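Reviewing the structure listed below.
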Amino acid sequence: MSEAPAAPRTASADIGLLLKPPEPRAGWRLLPARVVAMCAVELQKLRHDRTELYTRAVQPALWLLIFGQTFTRIKAIPTQGIPYIDYLAPGIIAQSAMFIAIFYGIQIIWERDAGILNKLLVTPTPRSALTTGKAFAAGVKSLIQAVVVIVIAALLGVSLTWNPLRLLGVGAIVVLGSAFFSCLSMTIAGIVLSRDRLMGIGQAITMPLFFGSNALYPLSVMPGWLQAVSKVNPLSYEVEALRGLLLGTPARLALDFGVLAVAAVLGITAASSLLGRLAR
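Here this note's numbering is used: position 80 in the sequence shown is 90, and no number is missing along the way.
Given below as structure tokens:
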């Protein structure tokens, strides 16, 4: 016997389906998609203006050309038997990446002034996803800058590794370090709420972070108080990891990755908690 035909849907059932919202995806599935989307939106801005990447390559090139080659000749800084310009190159990679990330909060304030931030905050996207997307977009921009510095260093004869796995590690270190410094900038933006104040604070802390690290000289030549500062400076761990990966010098890669990962998570948490304050 043939099966009985199915009962037709009633009008009330159709209306119920229309009025019933779709079930949201679970949070752990939603967050990565929103982070990737925010990161992609940030990187789209590079298509319209690549001038920043070119102009920011000038300063690291000058550090390597002038400072690096001069101190290589005078041999004033102990570098464990490697040429000083080789020792300096990973520090300049970390410095140029930090300089891109440390002023990222200015963009957040500009988005607030333009009304973009308020529109983002009323969407279902979690604030942590907004902050994480922006942080890793800063990391990708810094990674592009790092590639430029590596090319300049190679042209100057710096002996760098070209092992693909080590270069992937370099990319991960640069992204993690830049994510932390961009979140530090966004956290400061959430406190000061002003572009001028943020610019002043950013300029005030970049040089201490740079000179208070092992980017230019080893810990052994620092005074005791500066060694203590360097040990709590995330930039020191980034530089140490980059030297270990690019030059093969002794490094504590597990510790370096761990410190930068924890710093990035703490930075994202702090910046996310202050994001709403910017929109008030």
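Note that beta-carbon positions come from the ideal geometry of N, C-alpha and C, so glycine has one too.
Please read all numbers here as calculations on a predicted model, not as lab measurements.
**Item:** the stretch 161-171 touching the stretch 246-259, judged by at least three CB pairs closer than 8 Å
**Value:** Judged by Cβ distances under 8 Å, the stretch 161-171 makes contact with the stretch 246-259, as three or more pairs qualify.
**Asked** Once you ignore the five residues that flank alanine 280 on each side, which residues in its own chain have a CB closer than 6 Å to its CB?
**Response** Within the same chain, alanine 280 has close Cβ partners Thr197.
**Message:** What does the alpha-carbon distance come out to for the pair leucine 288 and glutamine 155?
**Reply:** Between leucine 288 and glutamine 155, the C-alpha separation is close to 29 Å.
**Request:** Look at the alpha carbon of glycine 125 and the alpha carbon of lysine 241, and state the distance between them as a whole number of angstroms.
**Result:** Those two C-alpha atoms are separated by around 40 Å.
**Request:** Would you mind working out which of Asn173, Thr133, Pro100 and Pro134 sits nearest tyrosine 247, comparing C-alpha positions?
**Result:** Considering only alpha carbons, the answer is Pro100.
**Asked** Alpha carbon to alpha carbon, how far is valine 231 from valine 132?
**Response** Take the alpha-carbon of valine 231 and the one of valine 132: they are about 52 Å apart.
**Message:** What I want to know is whether the C-beta of tryptophan 120 ends up closer than 6 Å to one or more non-hydrogen atoms of the ligand GDP.
**Reply:** The ligand GDP is not part of this structure, which contains no ligands at all.
**Asked** Mapping DSSP to helix, strand and coil, what is phenylalanine 113?
**Response** The answer is coil: DSSP assigns phenylalanine 113 none of H, G, I, E or B.
**Asked** Can the beta-carbon of isoleucine 183 be found closer than 7 Å to that of alanine 273?
**Response** Taking 7 Å as the cut-off, the beta carbon of isoleucine 183 is found no closer than this to the beta carbon of alanine 273.
**Message:** Can you list, in chain order, the residues of its chain with a C-beta nearer than 8 Å to that of leucine 236? Leave out the 5 residues immediately preceding and following it.
**Reply:** If we look at leucine 236 and ignore the five residues flanking it on each side, its Cβ neighbours are Gly222.
**Message:** Our contact map puts valine 180 next to isoleucine 102 with C-beta atoms below 8 Å; I'd like the distance itself, whole angstroms only.
**Reply:** Not confirmed; about 13 Å, so no contact.
**Request:** Measure the beta-carbon distance from phenylalanine 191 to alanine 111 and round it to whole angstroms, keeping in mind my assumption that it falls under 8 Å.
**Result:** Contact between phenylalanine 191 and alanine 111 holds: CB atoms are separated by about 4 Å, below the 8 Å threshold.
**Message:** Among Pro233, Ala199, Ser138 and Arg176, whose alpha-carbon lies nearest the alpha-carbon of tryptophan 120?
**Reply:** Tryptophan 120 has its Cα closest to that of Ala199, out of Pro233, Ala199, Ser138 and Arg176.
**Request:** Go ahead and label glutamine 90 buried or exposed: buried means 16 or more other beta carbons lie within 10 angstroms of its beta carbon, across all protein chains shown.
**Result:** Exposed, since its Cβ has fewer than 16 Cβ neighbours within 10 Å.
**Asked** Between which two residues does the alpha helix (DSSP H) carrying methionine 217 extend?
**Response** 205-221 is the extent of the alpha helix (DSSP H) around methionine 217.
**Cβ distance (whole Å) where isoleucine 116 is taken to contact methionine 209 below 8 Å** = The pair is a contact, with the Cβ atoms about 7 Å apart (cut-off 8 Å).
**Message:** Here's the rule I'm using: 16 or more other beta-carbon atoms within 10 Å means buried, otherwise exposed. How should leucine 229 be labelled?
**Reply:** Answer is exposed; the Cβ neighbour count stays below 16.
**Message:** I'd like to know whether the C-beta atoms of threonine 141 and serine 282 end up nearer to each other than 7 Å.
**Reply:** Inclusion of threonine 141 and serine 282 in the CB contact set at 7 Å is warranted, their separation being smaller than that value.
**Request:** Would you list, in sequence order, the uninterrupted alpha helix (DSSP H) runs of no fewer than 4 residues that lie entirely inside the stretch 126-155?
**Result:** If we require 4 residues or more, the alpha helix (DSSP H) runs fully inside the stretch 126-155 come out as 126-131.
**Prompt:** On the premise that isoleucine 162 lies in contact with alanine 71, defined as a C-beta separation below 8 Å, what is that separation, rounded to the nearest angstrom?
**Reply:** 5 Å between Cβ atoms; contact.
**Request:** With DSSP collapsed to three states, give me the class of serine 192.
**Result:** Residue state, collapsed to three classes: helix.
**Message:** Considering just the uninterrupted stretch of the alpha helix (DSSP H) at arginine 287, what are its terminal residues?
**Reply:** Looking at the DSSP string, the run of the alpha helix (DSSP H) that includes arginine 287 is 263-288.
**Contacting residues, own chain, Cβ-Cβ under 8 Å from leucine 270 (five flanking each side not counted)** = Counting only Cβ-Cβ distances below 8 Å, and skipping sequence neighbours, we find Ile183, Leu186, Gly187, Phe190, Pro244, Tyr247, Glu248 and Ala251.
**Item:** Expected contact under 8 Å - CB spacing of serine 106 and glutamine 79 to nearest Å
**Value:** Going by Cβ atoms, the distance from serine 106 to glutamine 79 rounds to 18 Å, so no, they are not a contact pair.
**Top-ranked residue by Cα proximity to isoleucine 215, from Tyr97, Met108 and Ile84** = Among Tyr97, Met108 and Ile84, the Cα nearest to that of isoleucine 215 belongs to Met108.
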